[in-house]
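Chains as they are written, first to last, in the numbering used here: chain A, 4 to 383; chain B, 321 to 610.
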Amino acid sequence: MSPGFTARGRAIRLESIVKRWDDTVALDQVHIDVAPGSFTALLGPSGCGKSTLLRIVAGLEQASAGRVMIGEEDVTDRPADKRDLSMVFQSYALFPHLSVAENIIFGLRTRGVKRSERQARLERVAHLLGLEALLERKPSALSGGQQQRVALGRAVIAERSICLMDEPLSNLDAKLRQTMRTELRALQRELGFTMLYVTHDQVEAITMADRVVLMNAGRVEQAATPTELYERPATTFAARFIGTPPMNLIPAAAFGQAGLRLERALGVAVQVGIRPEAMHPAHGAGTFEMRVTGVEYLGADALVQGRIGEAPAQMRVPGHAMPEVGSTVAVSVAADEFHVFDAGTGARLATPDPASLLARTGFSVATRGAEAPVINQRTP
Amino acid sequence: MLSRQWIHGWLLLLPALAFIFLFTHIPAITTIWNSFQSTPRGRRPSQFVGLDNYERLIGDPVFWKVLVNNLWFALGTIPVSIALSIAMALFVNRAFAGRSLVRMAYFTPTVLPLIAVANIWLFFYTPGFGLIDQVLGAFGRGQSNLLGSPDTALGAIIVVSIWKEAGFFMIFYLAALQAIPPQLAEAARIEGAGGWTIFRRITFPMMMPTTLFVSVNAVINAFRLVDHIFILTGGGPDNASSLLLYYIYETSFRFWDTAYGATLTVVMLALLGLFAIGQFFLFDRKVHYK
Ligand SMILES: Nc1ncnc2c1ncn2[C@@H]1O[C@H](COP(=O)(O)OP(=O)(O)OP(=O)(O)O)[C@@H](O)[C@H]1O
Ligand SMILES: [Mg+2]
């Protein structure tokens, strides 16, 4: 904990937020709870309403309906300059006519902080972000990563309790993005403010956030920890959005009799979700069979394209254990790697005891820990 | 080979160069030359008189009168028309119904020829049945003669010029405003800045290049625009509303004192040059160019 920083996060609570433009509904009944001091990522495909939601929290946009609570206060009708939060824009929005130092202390000036205090804080922030040598420059004389740090500096210097960020890393190259991710996360931990972070990059959300709010077409699809989002996706959308390659969604019928019995047991048409990395080549009979139609060698591992029944599926195998194209491999999957979704609504179906359900319906699942060891099929 | 190219180059330049010399440089030099000559009268040809004309100028009360008038005219029109044009640009930069209509209305005075503008205002100012007197009359006030009395003639002309200029400058400010990314104002707002602070610390400084451009133009216009004086006052009463250029016109083409007219012109050009250079130096540190 660096000395002198006192920011403590405040909670954010969005209640039934609706945002409508003439003919588009950008947000539709959005409820979100952000715990104080947490790092929450707003994740979703382009156009799903992430920026709009962030701007509503910031007060730059008025919600058509619903309430915005910050801390214990209702701030729905409060203008942006009275909400006491900070924001980093995707384009950074640095003031081009002001020096780096003036950019960073802009907010302190508008709030009438004394000169000596401003100077002290500026030094601290410049040191924290490694900007000491750049303070007199204009933003146009900075690299993308440096501009980004100035924008961060402007956001953290006032030690507001909430920081909003709209895809702040999307303009950076891959390497810089990687370091900035780590730095951002460390900074947030150190200063303890509440972070609401917009991204459309699942890796960014999963690696940085305490909680991920996954959005789709103006609705919240799932709000959960990264682990839960990966292990128990609430909808088929969440299942396909998180993870590369995405989770296989296979109609139950593709599994033949066992699949039909599963649907009968659950009473609805069902899609079975299995992650490519949860499928393993089996030595014995396995859980089901997959016809191999293609293999993609990636080095450490390989992606096997194939068909289960008629449904296309992908499996991740170690790079040295690639099956032949055209062969049929037995695949074993553990019971808790089966995700069952309602084929109509896409919602996850609760399966309290998946092992016995699958056993009853005739899937011979692998037991955890006793999974098939990886064997190189080319050496006998 | 090299000399061939030289010849080609000069041949290509020649037409443009000829016109520039013919219409700009030669007249300018002739004017300066004429200012050291006497005016030819009848059979008496002009002769070299050294600085006589300039001495006469220093002792000429009308020259000082119109120069002071012109300074007041500049001081009266430039700041007000710039402030007004910024206000109008800010106003029409927002989204509201009928925005294009308002923009057009603001710009209309610029499109009208000054002669027409002067006629419109003549109708406002006419004593007795002009618009202003009719409105005043409705409140039981007596007649006014804004253009006819020495105290108000210059002011009345200043008002017309502001009305004419502000819409023109507004176009430049509108373009400048639209070039400022809206995120800057949003970022400032998040940082706790209200409307006035945003204008003072973001919008206005970012429009500085425009302000420099506009103010140089405004100064030039303040010395250049005289058309409305012809219609409205003819420089009177008693030179109260005469400006430098109008005086030059009168001297040179009404009284045909061409040598003295040339002298006045040289002084005016020198003044304008000084102003423009001064403005660039004054603004330079404050102007941020992208
Ligand atoms: N001013 C506006 N007027 C009308 N529709 C708008 C406006 N702003 C956004 N929208 C619409 O609202 C929806 C959500 O936009 P938003 O900018 O929040 O998306 P996003 O999730 O941030 O996408 P991206 O990842 O591409 O930034 C989009 O369909 C967009 O077209
Ligand atoms: Mg966006």
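Think of the CB as a built atom: it goes at the ideal place given N, C-alpha and C, for glycine as much as any other residue.
* Find the nearest neighbour of H130/A within the set R140/A, L145/A, V153/A and T113/A, judged by alpha-carbon distance. => Among R140/A, L145/A, V153/A and T113/A, the Cα nearest to that of H130/A belongs to V153/A.
* To do: Give the straight-line distance between the Cα atoms of A220/A and F196/A, rounded to the nearest whole angstrom.
  => Roughly 29 Å separates the two Cα atoms.
* **Contact list for T517/B against chain A, beta-carbon separation under 7 Å** => Using a Cβ-Cβ cut-off of 7 Å, T517/B is close to T113 of chain A, given in chain order.
* To do: For chain B, find out if any of its Cβ atoms is closer than 8 Å to the Cβ of L63/A; answer yes or no.
  => At least one chain B Cβ lies under 8 Å of L63/A.
* Taking 8 Å as the cut-off, decide whether the C-beta atoms of S164/A and R11/A are in contact. => Yes, the Cβ-Cβ distance between S164/A and R11/A is below 8 Å.
* Through-space distance from T351/B to L332/B, alpha-carbon basis -> About 29 Å.
* Cut-off 8 Å between Cβ atoms - residues of its own chain near D372/B, not counting five sequence neighbours on either side -> These residues qualify, in order along the chain: S358.
* Assign L602/B to buried or exposed, taking buried as 16 or more other Cβ atoms, counted over all protein chains shown, within 10 Å of its Cβ. => Of the other Cβ atoms in all chains shown, fewer than 16 fall within 10 Å of the Cβ of L602/B; this residue is therefore exposed.
* Please check the pair I59/A and V78/A, which I expect to be a contact at CB under 8 Å, by giving their CB distance rounded to whole angstroms. => Actually they do not touch by this definition, with Cβ atoms about 10 Å apart.
* Collapsed DSSP secondary structure at G309/A in the structure displayed -> Here G309/A sits in strand by DSSP.
* Could you name the residues of chain A that L504/B contacts, counting a contact when the two beta carbons are closer than 7 Å? => Residues of chain A whose Cβ lies closer than 7 Å to the Cβ of L504/B are, in chain order, A96 and F98.
* Compare the C-beta of F258/A against all C-beta atoms of chain B and say whether one is closer than 8 Å. => It does not: the Cβ of F258/A has no partner Cβ on chain B nearer than 8 Å.
* Asked: So H2/A packs on G47/A, CB below 8 Å; how close in whole Å?
  -> The question about residue 2/A has no answer here: the residues shown for chain A are numbered 4 through 383.
* Just mark T370/A as buried or exposed, buried being the case when its beta carbon has 16 or more other beta carbons within 10 Å. => So T370/A ends up on the exposed side.
* To do: For I386/A, write down the residues that DSSP places opposite it in a beta bridge.
  => The question about residue 386/A has no answer here: the residues shown for chain A are numbered 4 through 383.
* Asked: Can you list, in chain order, every residue whose CB sits closer than 6 Å to a heavy atom of ligand 1?
  -> Shown in chain order are the residues whose CB sits closer than 6 Å to a heavy atom of ligand 1: W24/A, T27/A, A29/A, G47/A, S49/A, G50/A, C51/A, G52/A, K53/A, S54/A, T55/A and H203/A.
* **chain B contact for D80/A (CB, 8 Å cutoff)** => It does not; no Cβ of chain B falls within 8 Å.
* Out of I402/B, S562/B, D547/B and T571/B, which has the shortest C-alpha to C-alpha gap to V539/B? -> Distances from the alpha-carbon of V539/B to those of I402/B, S562/B, D547/B and T571/B put I402/B closest.
* Collapsed DSSP secondary structure at A369/A in the structure displayed -> Collapsing the DSSP output to three states places A369/A in a strand.
* With a Cβ-Cβ cutoff of 8 Å, do A579/B and S355/B count as a contact? -> Between A579/B and S355/B, the C-beta gap is smaller than 8 Å, which places the two residues in contact.
* Asked: Are the C-beta of L602/B and some C-beta of chain A separated by less than 8 Å?
  -> No - not a single Cβ of chain A is within 8 Å of the one on L602/B.
* To do: Quick one: list the residues of chain B neighbouring A83/A, beta-carbon separation under 8 Å, in chain order.
  => Per Cβ cutoff of 8 Å: E506, R509 and I510.
* For D345/A, which beta-bridge partners are listed by DSSP? -> Per DSSP, V273/A.
* Asked: Where DSSP assigns a beta bridge to D304/A, which residues make up the other side?
  -> In the DSSP assignment, the residues bridged to D304/A are P321/A.
* Asked: Which residues in chain A sit within 7 Å of I522/B, going by Cβ to Cβ distance?
  -> By Cβ distance, chain A contributes F98.
* Asked: Where DSSP assigns a beta bridge to T530/B, which residues make up the other side?
  -> Partner(s): none; T530/B has no beta bridge.
* Assuming L97/A and P171/A make a contact with CB atoms under 8 Å, what is their CB distance in whole Å? -> In fact, because the Cβ distance is near 12 Å, the residues do not count as touching under 8 Å.
* Where do the N-terminal and C-terminal ends of the alpha helix (DSSP H) with S54/A fall, by residue? -> Where S54/A is concerned, the enclosing alpha helix (DSSP H) starts and stops at K53 to A61.
* C-alpha gap between F291/A and F366/A, whole angstroms -> For F291/A and F366/A, the distance between alpha carbons rounds to 8 Å.
* Asked: Going by DSSP, what residues sit across from H548/B in a beta bridge?
  -> Answer by DSSP bridge pairing: none, since H548/B is not bridged.
* **Best match in S359/A, A242/A and T296/A for proximity to F344/A [C-alpha to C-alpha]** => Closest by alpha carbon: A242/A.
* Inter-residue Cα distance where the pair is C166/A and T55/A -> Pairing C166/A with T55/A, the inter-Cα distance amounts to about 16 Å.
* **Length of the line joining the Cα atoms of M4/A and A123/A** => With a pLDDT of only 38 at M4/A, under 50, the local geometry of the prediction cannot be trusted, and no value is derived from it.
* **Opening and closing residue of the beta strand (DSSP E) in which I253/A lies** => If you look at I253/A, you'll find it in the beta strand (DSSP E) that goes N251 to P254.
* Asked: Going by C-alpha distance, which of A394/B, L467/B and R544/B is nearest N439/B?
  -> Measuring C-alpha to C-alpha distances from N439/B to each of A394/B, L467/B and R544/B identifies L467/B as the nearest.
* Flag this pair as touching only if the region 172-179 of chain A and the region 145-160 of chain A have three or more C-beta atom pairs under 8 Å; answer yes or no. => Output reads yes: the region 145-160 of chain A touches the region 172-179 of chain A.
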